[in-house]
Amino acid sequence: MRVDVTFYLFISLGLFLLLVALVTLLFPAKKPNHLYGYRTDRSMRNRANWKFAQGLLPPMFLRLAFYQFGIAGLWYFVPLQSEIIGMAVFLIFLVLSFAGEIYWSEKKLRRYSRTNQK
Numbered sequence: 049m050r051v052d053v054t055f056y057l058f059i060s061l062g063l064f065l066l067l068v069a070l071v072t073l074l075f076p077a078k079k080p081n082h083l084y085g086y087r088t089d090r091s092m093r094n095r096a097n098w099k100f101a102q103g104l105l106p107p108m109f110l111r112l113a114f115y116q117f118g119i120a121g122l123w124y125f126v127p128l129q130s131e132i133i134g135m136a137v138f139l140i141f142l143v144l145s146f147a148g149e150i151y152w153s154e155k156k157l158r159r160y161s162r163t164n165q166k
């Protein structure tokens, strides 16, 4: 068992994502803008999509935070000693987790858009 930079990186990002989830939950973006909120082409098409997308954002950040905490727990017990491997695992996991969450959120938003148009 060990604690190293990679472990702290996972924990720090998890805490940051929890903070972002809390902020987006307490202060959701009210109308489409180019600064804040779940901003994709589909979410910014109309107010209904925007409102639905802002509801997807806090749970998405919560899941991302828990993914980071989970991988930090695994990293704590894995006997790898290389910081380079740790950074590679961190970056790969970060990209895949964000891509997966955005994919599933966009899929939900697409489904919502189709049912909302009828």
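Residue numbering for the sequence shown follows the numbering used here, beginning at 49 and increasing consecutively.
Beta carbons are placed, not taken as given, at the ideal position from N, Cα and C, and that holds for glycine.
The alpha helix (DSSP H) enclosing S60, as first and last residue numbers: It spans 53-74 - the alpha helix (DSSP H) in which S60 sits, taken as one unbroken run.
In the DSSP assignment, the alpha helix (DSSP H) including A136 goes from what residue to what residue? Membership of A136 in the alpha helix (DSSP H) is indicated by the continuous run 131-165.
Considering A120, what are the terminal residues of the alpha helix (DSSP H) in which it resides? Start and end: 95-125.
Would the beta-carbon of F73 fall within 9 Å of that of Q116? It should be pointed out that residue 73 corresponds to Leu in this sequence rather than to Phe. Not in contact: L73 and Q116 (Cβ atoms no closer than 9 Å).
Using a Cβ-Cβ cutoff of less than 7 Å, which residues in the same chain neighbour T88 once the five nearest sequence positions on both sides are dropped? Within the same chain, Cβ atoms closer than 7 Å to the Cβ of T88 are found at E154, the five residues on either side in sequence being excluded.
Using the rule of at least 16 other Cβ atoms within 10 Å of the residue's Cβ for burial, across every protein chain shown, is Y84 buried or exposed? The residue in question, Y84, is exposed, as its Cβ has fewer than 16 Cβ neighbours within 10 Å.
If the criterion is Cβ atoms closer than 9 Å, does the pair L57 and M135 meet it? Closer than 9 Å, so yes.
Give me the Cα-Cα distance between F75 and V53, rounded to the nearest whole angstrom. So the alpha carbons of these two residues sit roughly 32 Å apart.
K156 to L128 span [Cα, whole Å]: So the alpha carbons of these two residues sit roughly 38 Å apart.
Whether A113 touches A69 by CB criterion (9 Å): Closer than 9 Å, so yes.
How about F100: is its C-beta nearer than 9 Å to some C-beta of chain D? Of the chains in the structure shown, none is chain D; there is only one protein chain.
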